[in-house]
Amino acid sequence: MSGETVVYKNDMNLVPLRKFNNTEVNLFFTLCNKLKDKGNLTVNVPFEELKELSNYYSHDKKLFIQDLEKFYDKVFSLTYREETENVIRKFILFTKVEIYKDKEYVAIGVNPDLEHIINSLTSNFTKFELREMTHLKSTYSKHMFRILKQYKHTGYVKIKIDDFRERLDIPNSYRMTNINQKVLAPIIKELGFIFNNLNINKIKAKKGRKIEWLEFTFDAEKRIHSKRQPQMTNIGKSRQYISREKTPKWLEERTYEKQTQNEYDPQLEKEREAFLK
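So that you can map any letter, position 79 of the sequence shown is 79 in the UniProt record's numbering, and since no number is skipped, the others follow by simple counting.
Written out as structure tokens, the structure is:
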């Protein structure tokens, strides 16, 4: 099944998928895909379709059911937060989960209070090909993939290191050397073939040598005008990310040597290795 897309409101990128493993991240976004534009209806998904879309390889039915149950336990621990001037609200995204072992399908329903997150979106949404994400091996790459997709038309994301740790669910014990090796290295290796000319700049604090920000730059995608085309909005008020309405001038003026998605560039590989040392 090719061409399956995941679409959701940008705010969901601020919800950390804590303790989700590779398989569980794939299952989560596969179900988001199946619930897309279904309102608050319950959706039935056959086991085989769910396996295929989520890139689940095991043919062991018992193991699959066990993995589904563990996944759903984590899903119900997820909370979506909304805040206005006077009210703070918290919700769970899914309100109904049923696993039919004999008929081999799952039934899932979205919280009616949150159906706007994945239904009838016309602006401020993140969209990506499900297959691109499910075939990534690193969970950190998967999380960063969806964040970069939110800013695909600017090619620029700047994020505080503390927020980066939180959003990607990086262990508190990780020092910067660990982050370089176990987080940034897989991101550069895997996402460099999806986001052309992907670079990560480490920005130190004004006082001391501690890394304070990470700056991600890549070739921006051209906008395709359609009824469902997102309009870029300034969410810089959020503490998590700095979004730029326009690509920074310094980035705009850079001359890139265009690459196809799967080309191997020895010089680029050397630069990546130098960055990760």
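Ideal Cβ placement from N, Cα and C applies to all residues, glycine included.
Computed from a predicted structure; not experimentally measured.
- Determine the direct distance from the alpha carbon of A185 to that of K137, and round the result to whole angstroms. 12 Å
- Query: In chain order, which alpha helix (DSSP H) runs of at least 4 residues are fully inside the stretch 19-63?
  - Reply: 22-35 and 47-54
- Is T126 closer than 7 Å to N10 when the C-beta atoms are compared? yes
- Does DSSP put residue 354 in a helix, a strand or coil? Here the chain has residues from 1 to 277 only, and residue 354 is not among them.
- Would the beta-carbon of I200 fall within 7 Å of that of F216? yes
- Are the beta-carbon atoms of residue 279 and N178 separated by less than 7 Å? Because the chain spans 1 through 277 in this model, residue 279 falls outside it and cannot be assessed.
- Task: Mind checking which residues open and close the beta strand (DSSP E) that includes K182?
- Result: K182 -> no beta strand (DSSP E), and no H or E assigned at all.
- Task: Pull up the distance between the alpha-carbon of L17 and that of K158, whole angstroms please.
- Result: 20 Å
- Message: Considering Cα atoms alone, identify which of F47, H59 and F145 is closest to E98.
- Response: F47
- Item | Nearest-angstrom Cα separation, counted from D37 out to Y151 | 23 Å
- Thinking C-beta only, is F128 closer than 7 Å to I108? no
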